[in-house]
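A.B. asks: In the numbering used here, the protein residues as written are 5 to 389.
Cβ atoms here follow ideal geometry from the backbone N, Cα and C, with glycine treated the same way.
Can you read through this structure? Questions will come right after.
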């Protein structure tokens, strides 16, 4: 079976998680800035699309080379085996990026790349020069990306970004993308046998992603991918990978996941979103203010993405919320707490210094993930013989 050079792209700061996910899937990879690079067959492409929780897209690298002139770019793009990927009637827009490169004009790089591919396809498919290619067939999103004069030409196998799981019927004013929510859960010490709580759950994304992880449900299980429409991509591959994912899921496991929000309307939206993906019974959603949270449970994990300046709410109300969080959560010594915010003064209002901070980007907003680690559960004694 043909092997492809592949990349899984990711938001800055979570590439290592994508690498970890790939290795857990048995796929060897190399983590780079904003992506993880790996090799594989069509089955690898299907598996990565279906299972990666924290990545944005899975792309095939059609070619890589250095170029400092437009002529060089044209000739090297044209030399790539486009007929292996694009049928005669393919619709193939070319996106572009250029960072610290001699060829800095992105529109020119896109136009030249497109022209080179068209010329190659015309020669292969014996089309006259003056007749345009139809572009009425399947969709193939290409990208020409230049970084320090190194060119990477890729084909996106995913389609709409991997964060689009398909369960979000409605969302709040500043929603957390599903893959970012999954990343936050994976950066905590939460395990499926421990309580999970989101005190400002909004449309429920953090709780739903935790439930998907707890049940070992593939995040891409309920959606389709761009490469499934390509005539050279074997339909049986996705069928097999989906069947294996269904077998791997533990639907019967009981999870202790709770989300609350002061806004009753958001709780209704969260319930509808959880029901849409079949997790309505796995998560408890309730209307409740942070200050009213009480629990007798131990060794739980709190993960919160409260409103912050650039997103929502006025500053004073947000700072009051941080203070309330500190008052309510600090006494929970066995619980670990994880809070994402762009407010660098968060610790001051919360009233305690974080055990650890991790820099992350929520879209274009630079944030910190403030981590407060609880005491470890006592070790279970091993039975004696």
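Report back the beta-carbon spacing between residue 267 and residue 208 to the nearest angstrom; my notes put them in contact at under 8 Å.
C.D. replies: Start at 1 with the first residue of the chain shown, and residue 267 comes out as number 263. Start at 1 with the first residue of the chain shown, and residue 208 comes out as number 204. About 12 Å; that fails the 8 Å criterion.
A.B. asks: Using 10 angstroms around the beta-carbon of residue 319, count the other beta-carbons present and answer buried if the total reaches 16, otherwise exposed.
C.D. replies: Your numbering for residue 319 matches position 315 in the chain shown. Exposed, since its Cβ has fewer than 16 Cβ neighbours within 10 Å.
A.B. asks: By the three-class DSSP mapping on this structure, what secondary structure does residue 160 have?
C.D. replies: Here residue 160 is taken as the residue at index 156 of the chain shown, counted from 1. Strand.
A.B. asks: For residue 109, count the other beta carbons within 10 Å of its own beta carbon; 16 or more makes it buried, fewer makes it exposed. Which is it?
C.D. replies: As a position in the chain shown, residue 109 is number 105, starting the count at 1. Exposed, since its Cβ has fewer than 16 Cβ neighbours within 10 Å.
A.B. asks: Across the region 333-341 and the region 360-371, are there enough close Cβ pairs to call them in contact, namely three or more that are closer than 8 Å?
C.D. replies: Short answer: they don't touch.
A.B. asks: What are the start and end residues of the alpha helix (DSSP H) that includes residue 365?
C.D. replies: For this step, residue 365 is matched to residue 361 along the chain shown. No alpha helix (DSSP H) holds residue 365; the beta strand (DSSP E) holding it covers 360-366.
A.B. asks: Taking only the alpha-carbon atoms, compute the straight-line gap between residue 179 and residue 136 and give it to the nearest angstrom.
C.D. replies: Walking along the chain shown from the start, residue 179 turns up at place 175. Walking along the chain shown from the start, residue 136 turns up at place 132. Residue 179 and residue 136: Cα-Cα distance of roughly 43 Å.
A.B. asks: Can you give the beta carbon distance from residue 230 to residue 145, rounded, assuming they're within the 8 Å contact cut?
C.D. replies: Along the chain shown, read from residue 1 onward, the residue named residue 230 stands at position 226. Along the chain shown, read from residue 1 onward, the residue named residue 145 stands at position 141. At roughly 7 Å, the Cβ-Cβ gap stays under 8 Å, so residue 230 and residue 145 are in contact.
A.B. asks: Compute the Euclidean distance between the alpha carbons of residue 281 and residue 363, then round it to the nearest angstrom.
C.D. replies: Counted from its first residue, the chain shown places residue 281 at position 277. Counted from its first residue, the chain shown places residue 363 at position 359. Approximately 31 Å between the Cα atoms of the pair.
A.B. asks: By alpha-carbon positions, which one of 201, 37, 358 ends up nearest to residue 304?
C.D. replies: Here the question's residue 304 lines up with position 300 in the chain shown. Answer by Cα proximity: 201.
A.B. asks: Here's a check: name, in chain order, each residue in its chain whose Cβ is nearer than 6 Å to the Cβ of residue 181, leaving out the five neighbours to either side.
C.D. replies: If you number the chain shown from 1, residue 181 lands on position 177. Closer than 6 Å at the Cβ level, and outside the excluded window around residue 181, lie 167.
A.B. asks: With a threshold of 7 Å on Cβ separation, who are the neighbours of residue 433 within its own chain once the five nearest residues in sequence on each side are excluded?
C.D. replies: There is simply no residue 433 to check, as the chain begins at 5 and stops at 389 in what is shown.
A.B. asks: Spatial neighbours of residue 314 within its chain, please: CB distance less than 8 Å, with the 5 preceding and 5 following residues excluded, ordered by chain position.
C.D. replies: Indexing the chain shown from 1 puts residue 314 at position 310. Unreliable positioning characterises residue 314 in this predicted model, as indicated by a pLDDT of 49, which lies under 50. The coordinate reading is nonetheless provided below. 346, 369.
A.B. asks: Taking just the CA atoms, how far does residue 128 sit from residue 87?
C.D. replies: To locate residue 87, count along the chain shown from 1; it is residue 83. To locate residue 128, count along the chain shown from 1; it is residue 124. Their Cα atoms are separated by approximately 7 Å.
A.B. asks: For a test of the three-state rule: what should DSSP assign to residue 124, helix, strand or coil?
C.D. replies: Working through the chain shown from its first residue, we reach residue 124 at position 120. Helix.
A.B. asks: Give the secondary structure of residue 327 by DSSP, where H, G and I count as helix, E and B as strand, and everything else as coil.
C.D. replies: For the purposes of this step, residue 327 is taken as the residue at position 323 of the chain shown. Helix at residue 327.
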